[in-house]
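For reference, the structure is listed below as structure tokens.
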Amino acid sequence: MSGRALQTLIALVLAGLWGAGLGFAHWRGNMWSLDRVEATMTDLRTLVRGTAKPPELITIVAIDDEAVRNEGRYPLSRATLARIVDTIARFGPKAIAVDLLLVDPGKKGDDEALARSLRGTSSVIAAAAVYSGGKQSIVAEGDGPLARVPNAKRFLWPLKAFSDIAAVGVVNVVTDWTGTPRFVPLLFRAGDRTEASFSLRVAAMAVGEDPGIAPDYLSLGGQRIRTDIGHILPLTFYGPRGTIHTISATTVLGGQVDGGIIRDRIVVIGATATGAGDVFPTPFDPVLPGVEVMSTAIAHLMTGDGIVRDQYVRLADAGFAVVLPVVLVGLLAWRRNAIGLAAIVGVVVIWFVVNMTAFSHHIWLSAALPMAAAVPPAILFGAAQLWLGRNQAQFFATQSELLQRVQAPGFAGWLAKHGDFLLEPVRRDAAIIFIDLSGFTGLSETLGPNATRELLNTFHALVDEEVTSCGGVVTNFMGDGAMILFGLPEAATDDAFNAARCCAALSSRTNNWLVSLPASTASRLGFKIGAHYGTIVASRLGGKGRQHIATTGDTVNVASRLMEIAADQNAEVAVSDKMLQVAGRDCEFFKSGALRGPVEAQVRGRSGSLAIWLWQSSQTL
Numbered sequence: 001m002s003g004r005a006l007q008t009l010i011a012l013v014l015a016g017l018w019g020a021g022l023g024f025a026h027w028r029g030n031m032w033s034l035d036r037v038e039a040t041m042t043d044l045r046t047l048v049r050g051t052a053k054p055p056e057l058i059t060i061v062a063i064d065d066e067a068v069r070n071e072g073r074y075p076l077s078r079a080t081l082a083r084i085v086d087t088i089a090r091f092g093p094k095a096i097a098v099d100l101l102l103v104d105p106g107k108k109g110d111d112e113a114l115a116r117s118l119r120g121t122s123s124v125i126a127a128a129a130v131y132s133g134g135k136q137s138i139v140a141e142g143d144g145p146l147a148r149v150p151n152a153k154r155f156l157w158p159l160k161a162f163s164d165i166a167a168v169g170v171v172n173v174v175t176d177w178t179g180t181p182r183f184v185p186l187l188f189r190a191g192d193r194t195e196a197s198f199s200l201r202v203a204a205m206a207v208g209e210d211p212g213i214a215p216d217y218l219s220l221g222g223q224r225i226r227t228d229i230g231h232i233l234p235l236t237f238y239g240p241r242g243t244i245h246t247i248s249a250t251t252v253l254g255g256q257v258d259g260g261i262i263r264d265r266i267v268v269i270g271a272t273a274t275g276a277g278d279v280f281p282t283p284f285d286p287v288l289p290g291v292e293v294m295s296t297a298i299a300h301l302m303t304g305d306g307i308v309r310d311q312y313v314r315l316a317d318a319g320f321a322v323v324l325p326v327v328l329v330g331l332l333a334w335r336r337n338a339i340g341l342a343a344i345v346g347v348v349v350i351w352f353v354v355n356m357t358a359f360s361h362h363i364w365l366s367a368a369l370p371m372a373a374a375v376p377p378a379i380l381f382g383a384a385q386l387w388l389g390r391n392q393a394q395f396f397a398t399q400s401e402l403l404q405r406v407q408a409p410g411f412a413g414w415l416a417k418h419g420d421f422l423l424e425p426v427r428r429d430a431a432i433i434f435i436d437l438s439g440f441t442g443l444s445e446t447l448g449p450n451a452t453r454e455l456l457n458t459f460h461a462l463v464d465e466e467v468t469s470c471g472g473v474v475t476n477f478m479g480d481g482a483m484i485l486f487g488l489p490e491a492a493t494d495d496a497f498n499a500a501r502c503c504a505a506l507s508s509r510t511n512n513w514l515v516s517l518p519a520s521t522a523s524r525l526g527f528k529i530g531a532h533y534g535t536i537v538a539s540r541l542g543g544k545g546r547q548h549i550a551t552t553g554d555t556v557n558v559a560s561r562l563m564e565i566a567a568d569q570n571a572e573v574a575v576s577d578k579m580l581q582v583a584g585r586d587c588e589f590f591k592s593g594a595l596r597g598p599v600e601a602q603v604r605g606r607s608g609s610l611a612i613w614l615w616q617s618s619q620t621l
């Protein structure tokens, strides 16, 4: 297994373990730290889903500003409340729910009047749970079906005169950090005492049966109500205030109520007056009355149209928490380019569509958990890949720099882009130049190794600079000489012209360099240049471990022998007639220095003679 594959495998395993750990904590209900993100995402999904039509089985009788103004006080007197209950009862509702805390005694006659009214109806009144520190929490205590039921310090109970004749339910809700109600606990505990919620009491009275309690759900009226940990009911609101049918208590007291909106319905009496204090922010409304929150919970229990988050939904969340980070890390490892990025975006979009579709169908899949599971591993792995990639880039840059130093720059750059360059031999016309220092071998015996190295290094540098500036490549440095090629990696029509320019430039530059040397050194050195144009064969030679570019053919041999002719004829450059013809009358040989010839010369190792031209720079004339 390669190093990269092993790194990817380790990253995938760690991402999966991270997601599994978060998913298990979420399944156990221990990821409250994500509540803020989840609350925001839930509000966004609710707004995208839009408003919904509530079931027509609940009517709210609102103690609103008009009712308070007519009464001249708030809260309304118990006698007035009794009249409201009596008027509603005449129309035959399924249940009357009074979402008011009747914990303080009023006037004796008024309390008696309200007690009589409640006695003659199917009614539910409100109690409240009081928690230590004023903050409701759900903490597991034991392993029974009620282990996660909210445990209160005590209950704030209605007056005995009312609780003896009416059912009582606890009205507390679970809010998030913004104060938005997210859940309604259906059961509450205070020590060994367990009580039902206000909404559950009302729904049970409306269907005429007690609820059945199972570890993960409640059964009521022939339907199963899937609940979250601790038997809490998730809330999803239908819309802003007034979405659930609401009438004013003034209308009821005035006898103007339509019996059709009460008969066989659940009627919930509650305060909506300004300053009453019982309001909550929701995605649709910043001040939704508490009575409408309770009515929403009752509607969910009666129709099952709320959102579902139970152990199975949480298990699906845990699955997403494992799969999503593994997929994203895998895609990051697969392609670190536009295709990989597009694939990642596609996966995220698919997950979002699945999540939103599930929410629209009343399944509350977590949005925060998969994000928390996927984002850190993806960022860490991406950062690690960038870091490794930067190190690799630096390594390859260093290798490329070294290659540029060792190999001809033109060849190195071309090989980086064309890996198959010269895998097969190539025949083409090219210009070949050889340059060599005269007297260097004898001089090196007296200079010593360091001075010799410095001398050669300077000479090689000037040759490389001039050749590169003219568009050629140094295919090989041979001690105190060099082989130069014009025609690779690509042939050009002006190769011979550029080669002529290079010969003149090398001659001028070498003369200047020799003048700059100490007299004792310069007097013992000279140089000679041979240049020829013709067909060459270029190929790669060597094994798999190391290869080099080789140029062979008669053209190469002739160019090398021309240096001897230049030395014999006391010239700086010996150039073949063929190269001069291809370079043209505008080449550097005709523009500067002194050109003489042609002369017929015998080239060692070659039968017949060759027409040669001799050139001398103006510096040595």
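With the first letter of the sequence shown counted as 1, position 621 gets the number 621 in UniProt numbering; the numbers rise by one all the way through. We put the beta carbon where it would ideally sit given N, CA and C, even for glycine.
Between which two residues does the alpha helix (DSSP H) carrying residue i extend?
i: D86; result: 78-89
i: residue 684; result: Residue 684 cannot be examined here, being either before or after the span of the chain that is shown, 1 to 621.
i: P325; result: 311-334
i: R69; result: 65-71
i: G109; result: 108-119
i: E600; result: Segment 594-602 is the beta strand (DSSP E) holding E600; no alpha helix (DSSP H) there.
i: V207; result: 198-207
i: V307; result: Sequence check: residue 307 is Ile here, not Val. Note, I307: premise wrong, no alpha helix (DSSP H); not H, not E.
Rounding to the nearest angstrom, what Cα-Cα distance links residue i and residue j in this structure?
i: S507; j: L341; result: 56 Å
i: W615; j: L447; result: 31 Å
i: Y74; j: R193; result: 33 Å
i: T59; j: R226; result: 25 Å
i: A338; j: W177; result: 39 Å
i: A601; j: T475; result: 27 Å
i: I612; j: A431; result: 15 Å
i: S576; j: T535; result: 14 Å
i: V170; j: A115; result: 19 Å
i: A566; j: D554; result: 19 Å
i: V267; j: A321; result: 43 Å
i: D43; j: R241; result: 16 Å
i: L331; j: D99; result: 54 Å
i: A97; j: T282; result: 23 Å
i: R265; j: G255; result: 18 Å
i: A206; j: A95; result: 6 Å
i: Q569; j: N557; result: 19 Å
i: W497; j: D480; result: According to the sequence provided, residue 497 is Phe. The question's Trp does not apply to it. Near 25 Å, if we compare the C-alpha coordinates of D480 and F497.
i: T243; j: L6; result: 58 Å
i: D561; j: S523; result: In the sequence as presented, Asp is not what sits at residue 561; that position holds Arg. Distance between the alpha carbons of R561 and S523: 24 Å.
i: N172; j: P289; result: 14 Å
i: P150; j: P215; result: 15 Å
Between which two residues does the beta strand (DSSP E) holding residue i run?
i: L610; result: 609-616
i: M356; result: From DSSP, M356 is part of no beta strand (DSSP E) but of the alpha helix (DSSP H) over 338-360.
i: D436; result: 426-438
i: A367; result: Run containing A367: none; DSSP gives neither H nor E here.
i: F188; result: 187-190
i: Q223; result: 223-226
Below 6 Å CB to CB, which residues in the same chain sit around residue i once its five sequence neighbours on both sides are set aside?
i: S578; result: Per the sequence shown, the amino acid found at residue 578 is Lys instead of Ser. Excluding positions up to five away in sequence, the list reads Y533.
i: T552; result: V537
i: V327; result: V347
i: G92; result: R263
i: T458; result: none
i: T175; result: P181
For residue i, which residues in the same chain have their Cβ closer than 7 Å to its Cβ, ignoring the five residues on either side in sequence?
i: A203; result: L220, I298, L301, M302
i: G212; result: L218, S219
i: W364; result: P234, I307, V308, R309, V313
i: A24; result: Reading the sequence as shown, one finds Phe at residue 24 and not Ala. Excluding sequence neighbours, F24 sits near A318.
i: S609; result: E600, A601, Q602
Please work out which residues of its chain come closer than 8 Å, Cβ to Cβ, to residue i, disregarding the five sequence neighbours upstream and downstream, and give them in chain order.
i: W18; result: P325, A373, P376, P377
i: S618; result: S592, G593, A594
i: W157; result: V103, A127, S163, V168
Does any residue of chain B bring its CB to less than 8 Å from the CB of residue i?
i: V558; result: Considering every chain present, this structure includes no chain B. It has just one protein chain.
Starting from the N-terminal side, write out each stretch of the alpha helix (DSSP H) that is 4 residues or longer and does not extend beyond the region 234-303. 249-253, 290-303
Counting Cβ pairs, one atom from each stretch, are 3 or more of them under 8 Å apart for the region 370-385 and the region 7-16? yes
Per the contact definition of three or more C-beta pairs closer than 8 Å, is the region 576-595 in contact with the region 464-480? Short answer: they don't touch.
Contact between the region 268-283 and the region 63-73: three or more CB pairs below 8 Å? They touch, by the three-pair rule.
Ignoring anything shorter than 4 residues or poking outside the region 467-552, list the alpha helix (DSSP H) runs there in chain order. 495-516, 519-522
For the 8 Å Cβ check, are there 3 or more pairs between the region 104-121 and the region 278-285? no
To test your reading of the DSSP string, which unbroken alpha helix (DSSP H) runs of 4 or more residues are found completely within the region 3-47? If we require 4 residues or more, the alpha helix (DSSP H) runs fully inside the region 3-47 come out as 3-27.
Which runs of the beta strand (DSSP E) fall wholly inside the region 152-177 and span at least 3 residues, in chain order? Under the rule that a run must span 3 or more residues, the beta strand (DSSP E) segments found entirely inside the region 152-177 read 154-156, 167-170.
Is the number of C-beta pairs between the region 46-55 and the region 78-97 that are closer than 8 Å three or more? no
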